[in-house]
Ligand SMILES: Cc1ncc(COP(=O)(O)O)c(C=O)c1O
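Numbering (this note's numbering), first residue to last: 86 to 537.
Written as C-alpha cells, this is what we have:
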C-alpha cells in the first residue's frame, strides 16, 4: 500500500535539529576508524546537562496516579504558581488568567503563530526551531539580519517595518539569545519597544533561557517593558533541565481578552491539555523555595564558568572571534577569517565546515551557520558548552565552590575534559587548514618555477 502525504508536509524541510541527529548517526555508522568508537566532542546539542530538580521529580512521583484530563489553559494551582514565580523572579504582576500552559514553548510559539495574523520578522542568527514552523504555516516572513554586535538594531527594525504593509507584524525576540548567549539590557529593550509601539509590531518574546542569566539581576522581561504588545514564553526545559517533561507557558499581553478565547479553541482542538501529572510536578518547579534558588544559582554559575572558558579558549585561537555569552549555554563562534583557506579546501559552506569537523581525526560536532538562519557561506557556528556529566559536576561545584580565576580553570579542566579537548580539536583543524593552504601555495609556486 502506498500512502500519499499531504503536499503541505511534503514541502517542509526536515527541521535542523533532526537533520543534525541524522547526520551524526550516519557519520557514526559510516566511520570505520577505531577512534570513532569514542563518539565525538559534543558542541552541537542544546540540552541542559543537569538532573531535574529533586523536588520536581518527587512531585511527579506523588502525582503519577492523576489520570484525569486537566483544564485546557492549565490547572489553577500551576497558573497561580507561575504568576507568583514571575512576580518573584521577574518583578511582573501577572493575573493567572493571562497564563496558558502548553506542551513546551515550541508548541506554544507555533500556536501563537497559528492565531496571529501577520508578517513575521525573524532576527538572524536565530534558534533553529522558528523557521520550519513559519514555513509550515506558510506565513509571510522577513529576516532581520543583525549587525556586528549580533543584536537587533531598532533603526533596522523600523526600516523593515515601514516596508511591510501588513496590518500586523510579529517580531520574534529571543532573550537571552540562542545561539549567541547574548542578553538585551533594559535600554535596548526600551528602544525596540518604542519601534514596536510606533509600527504596531506584536512581540513573541521567547525567554526560555531567562533563568540562566549569569548575573541574574541584569535580566529584564520584554513583558515588563511592552506589556500591551508582548507574548512572553517560558517553561521548564532549560532552567529546570526538563526539556523532556514538555511543559511551557505563555503570558498573554494585558487586555488581550478576545484573543484568549481564540487561543483556547486552538489548544483544545490540538492537544486538549498538558499531562496532569506533569502539570502538578511543574507546580513544585515554579514555587519559590530555597532548594530551587540554590539549583538556579549553582547551574547558572556552572554555565558561566564553562562559557567563560569556552569563550577565552576559542578566541585565543588566532583568527577566531566569538560572542561573549551572558546567559544560556551557547556562544556564536565566527570562523570567517579562514574563508579563503576553507574555500581552497572545497569547504564552501558552513554545512561543509560542520561535516569536515565531525569526521576523523577531529570528531567534533558543531551547529553550522546555515542551521542558524545565516547565509550558507557564513562560517559561523553555534558552540554549546554542556558536554559533561551534569549530576557529578553539580556535586563537585558544591564541594569545591571555585572562586578565583585559577580555581575556575582547574574546575573546567577536571570536570569538563571533553570541552577542553574539543576546543583543541577545533584549533588543530584550523592549524591544519592553514598548513594545507601554505603547502598548496608552495606547490603552485614550485610548479611555476619549473623551467619549460
Ligand atoms: C530559543 C529556544 N526557544 C524554545 C526552545 C524550545 O523549548 P521547549 O522545550 O519549551 O519547547 C528552545 C530549545 O532548544 C530554544 O533554544
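Virtual Cβ for every residue (Gly too), placed ideally from N, Cα, C.
Two segments are said to touch when three or more pairs of C-beta atoms, one from each, lie closer than 8 Å; by this definition the stretch 445 to 454 does not touch the stretch 247 to 260. Annotation: the continuous alpha helix (DSSP H) that includes residue 169 extends over 161 to 175. Pairing residue 318 with residue 167 gives a Cβ-Cβ distance that is not under 7 Å. In terms of side-chain proximity, the C-beta atom of residue 322 is found nearer than 6 Å to a non-hydrogen atom of ligand 1. Distances from the alpha-carbon of residue 263 to those of 457, 515 and 475 put 457 closest. Here residue 149 is exposed. Its C-beta has fewer than 16 other C-beta atoms within 10 Å. Residue state for residue 227 is assigned as strand, using DSSP reduced to three classes.
With contacts defined as CB atoms closer than 7 Å, residue 239 and residue 275 fail to qualify as a contacting pair. Under the three-state reduction of DSSP, residue 425 is assigned to helix.
Contact check for residue 380 against residue 138 passes: the beta carbons are separated by less than 7 Å. Closest option to residue 389, judged by alpha-carbon separation, among 221, 273, 301 and 161: 301. Taking C-alpha positions only, residue 369 is separated from residue 144 by approximately 7 Å. Here the alpha carbons of residue 209 and residue 404 stand approximately 23 Å from one another. In the DSSP assignment, residue 221 falls outside any beta strand (DSSP E) and lies within the alpha helix (DSSP H) extending over 215 to 221. In this structure, DSSP gives residue 288 an extended state, which the three-state scheme calls strand. When the alpha-carbon of residue 158 is set against those of 88, 266, 351 and 500, the nearest one is in 351. Between the stretch 334 to 354 and the stretch 111 to 126, the count of C-beta pairs closer than 8 Å stays below three; the two stretches do not touch. Contact annotation: residue 400 and residue 261 have beta-carbon atoms that are not nearer than 7 Å. Judged by DSSP in its simplified three-state form, residue 138 adopts coil rather than helix or strand.
The count of Cβ pairs closer than 8 Å, one atom from the stretch 218 to 227 and one from the stretch 194 to 206, reaches three, so the stretches are in contact. Under the three-state reduction of DSSP output, residue 148 falls in the coil class, being neither helix nor strand. Taken through DSSP and simplified to helix, strand or coil, residue 333 comes out as strand. Per DSSP, reduced to three states, the secondary structure at residue 515 is helical.
Using a Cβ distance threshold of 7 Å, residue 266 and residue 408 count as a contacting pair.
Taking a contact to require three or more Cβ pairs closer than 8 Å, the stretch 414 to 433 and the stretch 458 to 466 qualify as touching. The Cβ-Cβ distance between residue 472 and residue 504 falls below 7 Å. Take the alpha-carbon of residue 220 and the one of residue 97: they are about 7 Å apart. Between the alpha carbons of residue 492 and residue 498 lies a gap of roughly 10 Å.
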